[in-house]
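Novice: Okay, here's the structure, questions in a sec.
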Amino acid sequence: MLSVLRTMWDVFLHAFHRRVTVQYPEQKAYLASRYRGRIILSRDPDGGERCVGCYLCAAVCPVDCIALQATEDEHGRRYPEFFRINFSRCIFCGFCEDACPTYAIQLIPDVEMGEYHRPNLVYEKEQLLINGPGKYPGYNYWKVCGVAIGGKGKGESENEARPTDLRGLLP
Amino acid sequence: MTSPYPIAIIIALLIVALSVASGLIWLERRLLALWQDRYGPNRVGPFGLLQVVADMIKIFTKEDWIPPFADKPVFVLAPAIIVVTVLMTFAVLPFAPGIMVTDLNVGLLFFLAMSSLGVYSVVLAGWSSDNKYSLLGGLRAAAQMISYEVFMGLSLMGVVVLAGSFDLAKIVEAQRKLWFVIPQFLGFVLFLIAGIAETRRLPFDLPEAESELVAGYHSEYSGMKFGMFFVGEYLGVTLISALIAILFFGGWLGPWLPPIVWFFIKLFLFICFFILLRASLPRPRFDQLMSWGWKLMLPLALANILVTGAVVLAFR
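Taken in order, these protein sequences are the chains called A and B. Note that this note's numbering gives residue 168 to position 150 of the first sequence, counting from 1, and the numbers run on in steps of one. Note that this note's numbering gives residue 140 to position 102 of the second sequence, counting from 1, and the numbers run on in steps of one.
Encoded structure:
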C-alpha cells in the first residue's frame, strides 16, 4: 500500500523534470558527423569528379538502388556517364561508402529528404555531385594512382618511382 | 433552493459538462505527457487546445460500422445508456447555492441508482458485440461492479449519518464547520477506490484492458458510438470528482472566492488526481481486484458505519 503512494508521488515529481522531447522542425536533433544520411558524390581538390565508374558501389548495394554507366574522356580518365541513386530504395547502410576506392561516394548527416512525389526521390548526378572534397580534403585519386592519363605519364604520381628501364645497364 | 430558470440551468449544465468531458481528452494527454517528460499534443492551436476539435471532426466523419454478427438494437443502445445515466446524475449535483437542476431530497441514492444502471451499458456492449474479448470485458465489468457497488454505497453512509440527509446540498451545508474528509477519512478512501472502479479508469480498467482484451467491451465499436463510450468515461470521471468534492471536501464552501469557483477548483484537482493514478499505477489481476473488494473493502466499510453510528449516538 505504501509503495502505491510512493509510486504516485514519484510520478508526480516528474512534473518538475526536464522534458526529453526535441521539438523537431524548430529544434534540430543532433546528428553525429559520422551519421549515415543523404549520399553525395565528392570532387577532387582541383574540381574534377572523383568517381571512376568502377561499379563497386552498385555491386555491394544490398537493395540495388545505385545505377551508373562508366565512360572515358579523351585523356583516358574514367568518369560516370550517368549516376543515379533511388533514395526510395536506399537503406542508408553505408556499404557504398565503404566499397568506394576513390572516396567519391560519401554519406553525410542530412536526413531531411521528404518528398510528396516518389519520382523526386530518384537523384541524378547533378543532384548528387557537390562542389568539394567532402570528408577527405587533400585526397586526389588521379594524383596518387599509377595510371597514366593526359598530362601525367607512368611513374609521375606522388610517391611513385619511375618505371624500371629493363634494357638499361645502370644499377 | 432550485433556480427560477431550470431550462437555462439544464442547457448550461449540458454545455459545461460536455465541453469539460471533451476538454478532459486534451487535459489527460497533456498531463500524462507532463508526468512522462514529454509535451503531448501542442501543435493544433494554442497549447494544442484545438486538438479536441480536430479529434471530433475526425471521429464524426469515421465510418460508423455495425458488425453483421452483432445484436443490432442492443449494440446501438449500449453507448447511449452510459452517457444518459451519467448525465442524469449531473441533474442532482449542487454546483453552488441555487445552481442545480433539481434539489432532490434523495440525491445521493439517485446517484447510486444511476451509476448502477450505467454498468448495463458496458455489459450489453460486451454481450451484443458477439466477440469473445468484448464478452470477457463485459463479464469483468459485471463482476467488478457487483463487488464495488456494495461498499461504494456503504462507504457513503458515514457521510449520511453525519449530515443527517441524503440531500447533496444539505450534505454540503453540513460541512460549514469541518469538511467530512477529516471525520470520515476511511469513508473517503473507500469511496475514492470505489469511484475509480465505477468509472472503469486505471488501475481498475479491467473491462477495457487494452493490453489483454484488445479494447474490452468496445472492441467492435467505431465512429461516434466509440466516441460515446469515451464521452461517458470522461463524464464519469468528472462526476466522481464532483461527488468527492461535494461529499468530503465541502463542495462550494470556501473563503473569498465565489462558491462556483471553489467548486470548480476542487473538481479540477480531483480530475488531475484521477489522471495521476492513470500515469502511475499498474492494473491489478482480476482475482486480486475481486478479493480486495469483498475481503478488505466491504468489512472496512461496514466497520466504518458501525463506528460512525456509535460515535454519533454517544455524542448526541
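A virtual CB, placed ideally from N, CA and C, is assigned to each residue, including glycine.
Return the Cβ separation of A207 of chain B and D141 of chain B in integer angstroms, given the expectation that the two are a contact with Cβ distance under 8 Å.
Specialist: As a working note, residue 207 of chain B is residue 169 in the second sequence. As a working note, residue 141 of chain B is residue 103 in the second sequence. So it is a contact: roughly 6 Å between Cβ atoms.
Novice: If the cut is a Cβ gap below 8 Å, which residues of chain B does V22 of chain A touch?
Specialist: What you label residue 22 of chain A is simply residue 4 of the first sequence in a count that begins at 1. What V22 of chain A touches in chain B: L319.
Novice: Could you tell me which of B:T237, B:S203, B:F149, B:L336 sits nearest to A179 of chain B, measuring between CA atoms?
Specialist: Here residue 179 of chain B corresponds to residue number 141 of the second sequence, with the count starting at 1. The shortest C-alpha separation from A179 of chain B is found at B:T237.
Novice: Once you ignore the five residues that flank G191 of chain B on each side, which residues in its own chain have a CB closer than 8 Å to its CB?
Specialist: Taking the second sequence and counting its residues from 1, one reaches residue 191 of chain B at position 153. Cβ within range, chain order: L150.
Novice: Pop quiz: L59 of chain A and N104 of chain A are said to be a contact at Cβ under 8 Å. What is the actual Cβ separation, rounded to whole angstroms?
Specialist: The residue given as residue 59 of chain A occupies position 41 in the first sequence. The residue given as residue 104 of chain A occupies position 86 in the first sequence. The Cβ separation is near 15 Å, so there is no contact.
Novice: Starting from T123 of chain B, trace the alpha helix (DSSP H) in both directions and tell me its first and last residue.
Specialist: Walking along the second sequence from the start, residue 123 of chain B turns up at place 85. Membership of T123 of chain B in the alpha helix (DSSP H) is indicated by the continuous run 110-128.
Novice: Taking T39 of chain A as the reference, which of B:Y255, B:F223, B:A341, B:A71 has the closest Cα?
Specialist: What you label residue 39 of chain A is simply residue 21 of the first sequence in a count that begins at 1. Nearest C-alpha to T39 of chain A: B:A71.
Novice: Answer yes or no: do L357 of chain B and V197 of chain B have a C-beta to C-beta separation smaller than 8 Å?
Specialist: No statement about residue 357 of chain B is possible, as the shown extent of chain B runs from 39 to 354 and does not include it.
Novice: Run the CB neighbour count on F35 of chain A, radius 10 Å, all protein chains shown included, and call it buried at 16 or more, exposed below.
Specialist: For the purposes of this step, residue 35 of chain A is identified with residue 17 of the first sequence, where counting begins at 1. The sequence shown places His at residue 35 of chain A, rather than the Phe named in the question. That one is exposed.
Novice: Would a C-beta distance cut-off of 8 Å place G270 of chain B and E101 of chain B closer than the cut-off?
Specialist: Within the second sequence, residue 270 of chain B is the residue found at index 232, counting from 1. Within the second sequence, residue 101 of chain B is the residue found at index 63, counting from 1. No, these two residues do not count as a Cβ contact at 8 Å.
Novice: Please state if the CB of A33 of chain A and the CB of W294 of chain B are separated by a distance shorter than 8 Å.
Specialist: By one-based count along the second sequence, residue 294 of chain B stands at place 256. By one-based count along the first sequence, residue 33 of chain A stands at place 15. Not closer than 8 Å, so no.
Novice: What first and last residue would you give for the beta strand (DSSP E) that runs through L59 of chain A?
Specialist: Numbered from its first residue, the first sequence carries residue 59 of chain A at position 41. 57-59 is the extent of the beta strand (DSSP E) around L59 of chain A.
Novice: Leaving out five residues before and five after P80 of chain A in sequence, what residues of the same chain have Cβ atoms less than 8 Å from its Cβ?
Specialist: What you label residue 80 of chain A is simply residue 62 of the first sequence in a count that begins at 1. Around P80 of chain A: I109, C111, F113.
Novice: Could you spell out the range, first to last residue, of the alpha helix (DSSP H) harbouring A46 of chain B?
Specialist: As a first step, residue 46 of chain B is located in the second sequence; it is residue number 8 there, counting from the start. It spans 44-73 - the alpha helix (DSSP H) in which A46 of chain B sits, taken as one unbroken run.
Novice: Leaving out five residues on either side along the sequence, give the residues of the same chain with a beta carbon under 8 Å from the beta carbon of F286 of chain B.
Specialist: Locating residue 286 of chain B in the second sequence gives position 248, counting from the first residue. These residues qualify, in order along the chain: V197, W217, F218, V219, Q222, G225, F226, F229.
Novice: Taking the Cβ atom as the reference point for each residue, do V210 of chain B and I284 of chain B lie within a distance shorter than 8 Å?
Specialist: Within the second sequence, residue 210 of chain B is the residue found at index 172, counting from 1. Within the second sequence, residue 284 of chain B is the residue found at index 246, counting from 1. Going by C-beta atoms, V210 of chain B is nearer than 8 Å to I284 of chain B.
Novice: Using a Cβ cut-off of 8 Å (strictly closer), state whether D75 of chain B contacts chain A.
Specialist: The count along the second sequence starts at 1 and reaches residue 75 of chain B at position 37. Closer than 8 Å: yes.
Novice: For the region 29-48 of chain A, which residues have a beta carbon sitting closer than 8 Å to at least one beta carbon of chain B?
Specialist: V29, F30, H32, A33, H35, R36, R37, V38, T39, Q41
Novice: What are the uninterrupted segments assigned as beta strand (DSSP E) that are 3 or more residues long and contained completely in the region 116-179 of chain A, given in chain order?
Specialist: Runs of the beta strand (DSSP E) spanning 3 or more residues and lying entirely within the region 116-179 of chain A occur at 123-125, in chain order.
Novice: I need the straight-line Cα distance from S257 of chain B to T276 of chain B, nearest angstrom please.
Specialist: Indexing the second sequence from 1 puts residue 257 of chain B at position 219. Indexing the second sequence from 1 puts residue 276 of chain B at position 238. Roughly 24 Å between the two C-alpha positions.
Novice: Please look up how many angstroms separate the CB atoms of I48 of chain B and V139 of chain B, rounded, as I've assumed it's under 8 Å.
Specialist: Reading the second sequence from its first residue, position 10 is the one you call residue 48 of chain B. Reading the second sequence from its first residue, position 101 is the one you call residue 139 of chain B. Confirmed, Cβ separation roughly 6 Å.
Novice: Can A179 of chain A be considered in contact with the ligand GTP, in the sense that its beta carbon sits closer than 7 Å to one or more heavy atoms?
Specialist: Although the ligand GTP was asked about, the structure shown includes no ligands whatsoever.
Novice: In whole angstroms, what is the alpha-carbon distance linking F98 of chain B and P105 of chain B?
Specialist: Working through the second sequence from its first residue, we reach residue 98 of chain B at position 60. Working through the second sequence from its first residue, we reach residue 105 of chain B at position 67. Using only the alpha carbons, I get a separation of about 18 Å.
Novice: Any contact between the region 138-157 of chain A and the region 61-74 of chain A? By contact I mean 3 or more CB pairs, one from each, below 8 Å.
Specialist: yes
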